[in-house]
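Using my numbering, the letters of the sequence shown correspond one by one to residues 8 to 423. In this text, a Cβ means the ideal position worked out from N, Cα and C, and glycines have one as well. For reference, the structure is listed below as structure tokens.
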Amino acid sequence: MPGHNATNVNIHLRTSQETGEIRAGVSGIYRCGSPWLCPVCAVKKAHDRAERVQAAANATFQRGGRAALVVLTASHSLRTSLAEIKALVQGASSAARKGRAWTDAVAEYGILGVVVGQETTYSIENGWHYHQHLSVLVDGPDDDAYERAEAAGAWLANTYTAKVRAVGGKVSDRHGWHVRIAIDAKDASNYTAKGSMAWEISGGYKDRTKAEASLTPWDIAAAAADGDAAMFGRWREYMEIMPGTRSCVVSPALARKLGIDVTKDDEAGEQDLHEADEVVGRVEAPTWRVWMRHGLAATFLSRVEYGGQEGFDAAVDSTERDAEPLEAEYQRLRAERAAVWKAEQERKATAMQRQREATRADRDTAFARAYAIDRLRRSADSHGSRDRIGRVIEEAAAVFPAARRLEPAELVKAAA
């Protein structure tokens, strides 16, 4: 989105030094930095995570090493909360990589370190599916690295399974884990960063997961935004649990062993200030917000790449024409939802007012009855004449105007 107090965003054309490809970019914007809750920032964070894993994998393969790719899951059902399944898998995975047994395995198999990727999906039939993709990096030499990597992956998967079962969890011997050896460094990177990359770098998220009934977090958010109350509940659960979860972290110790520098895993927002590259044009901040809202910013940048600076104004005009009907429908639906919300608030307010009035009426009726009975009992004739009872009822009504009108029979019987 446009940066703080920004009146416009700047559009740049940059030429890649490696490929010579011309790409359009934007500055003067602010990114919130959340890889879990923001479909825009998830794209950038996915790139960052993939680059970290790629650097570690490259360095490992260059020294004759290999990577065992391990997926860890646990049994779950619709009744299992995301917090429960995440704690089970994450806890067992972490426990498997600690203690004397892990130290011995590191020495036996030549394990350099482990990079952990995290992924969460939701199944309509089976509930939350939190799982981990591990890249177990094993050192060279190349002559037996493949076999050691395979053994290391199997050891870690079996140890993880034992840890899950030790705390009462269940892991399928057939589907609970899987191990294979990466073909190359890119294979290792793509597999481990799958949780980030599964939302399609080019488009922000993928439309379908592997299983037709399995939903990505963005699927859940879209359904919630469309009014699905159950999916709204799932989204709230997801947003309470996943933010802050670190993924695809290359530890300082692993980086030192491999002789690489890695970027920090960070969810902090960042201000992308105006860059030194030549500005080919500017877009007003409100217009840019509309384009972002309807997914047209990327379309606009593609048009700028195609038409260059000479076609900048035409790209703006075309994108605005595309945005007009979408924005009109958005504003219509927004007004409609606002009207529904206002009517619902008024209905609730009216119901609460009626409830308060009914409660007050019940309370005052009880007070009025007690007042009238006391007045009758104080009279010489406890039963009182019809006129006397009538006067007491009138007095009670004057003192407690919100009370229900008393009946003579209930007073005579109570005062007797």
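- Taking the CA atoms as reference points, E247 sits about 48 Å from A410.
- Measuring C-alpha to C-alpha distances from R243 to each of C255, A229, R253, S254 identifies A229 as the nearest.
- L308 is not a Cβ neighbour of D329, given a cutoff of 8 Å.
- For the pair A403 and W348, the Cα-to-Cα distance works out to about 42 Å.
- A Cβ-Cβ separation of about 4 Å places L265 in contact with A66 under the 8 Å criterion.
- Going by DSSP, V347 is part of the alpha helix (DSSP H) stretching over 319-385.
- Assignment of A304 by DSSP, reduced to helix, strand and coil, places it in the helix class.
- No Cβ-Cβ contact shorter than 8 Å links V47 with S34.
- Taking each of G176, Q316, V290, A350 in turn and checking the Cα distance to T326, the smallest one comes out for V290.
- Contact annotation, V60 with A158: C-beta distance approximately 22 Å; criterion of less than 8 Å not satisfied.
- Counting along the chain, Q316 sits inside no alpha helix (DSSP H), nor does DSSP assign it H or E at all.
- For the 8 Å CB-CB criterion, A74 and V123 do not form a contact.
- Distance from H185 to V78 at the Cβ level is roughly 5 Å; contact confirmed, criterion being Cβ atoms closer than 8 Å.
- Less than 8 Å separates the beta-carbon of R382 from that of V399.
- In this structure, the alpha-carbon of Y137 lies about 30 Å from that of A152.
- Contact check for V287 and V311: beta-carbon distance about 7 Å, within the 8 Å limit, so the pair qualifies.
- In the three-state scheme derived from DSSP, where H, G and I count as helix and E and B as strand, L76 is classed as strand.
- In the three-state DSSP reduction, G120 falls in the strand class (E or B).
- E417 and A232 have their C-alpha atoms roughly 56 Å apart.
- In the three-state reduction of the DSSP assignment, V143 falls in the strand class, which pools E and B.
- Comparing C-alpha distances from D150 to each of W298, I36, G72 shows the shortest one belongs to G72.
- DSSP lists S34, R289 as the beta-bridge partner residues of N17.
- Here the alpha carbons of A13 and A321 stand approximately 23 Å from one another.
- Note: E126 is bridge-paired with H138 in the DSSP secondary-structure output.
- DSSP places W242 inside the alpha helix (DSSP H), whose first and last residues are 236-248.
- The alpha-carbon separation between Q352 and Q362 amounts to approximately 15 Å.
- Setting aside the 5 residues that flank it on each side, R104 is surrounded in the same chain by V121, L163, each with a C-beta closer than 8 Å to its C-beta; the list follows chain order.
- Shown here for R241: same chain residues with a beta carbon closer than 7 Å to its own, the five before and five after excluded, namely Y129, I227 in chain order.
- Taking 8 Å as the cut-off, the beta carbon of E334 is found closer than this to the beta carbon of V297.
- Minimum Cα-Cα distance from T166 among the listed residues D55, G106, S196 corresponds to G106.
- When the alpha-carbon of G318 is set against those of M8, P9, I18, the nearest one is in I18.
- Assignment of L44 by DSSP, reduced to helix, strand and coil, places it in the coil class.
- Considering only E414, D191, A161, A368, the residue with the shortest C-alpha distance to A63 is D191.
- With contacts defined by Cβ atoms closer than 8 Å, S179 and S82 form a contacting pair.
- Taking the Cβ atoms as the reference, K170 lies roughly 18 Å from A90, outside the contact range of under 8 Å.
- Per DSSP, reduced to three states, the secondary structure at I190 is coil, with no helix or strand assignment.
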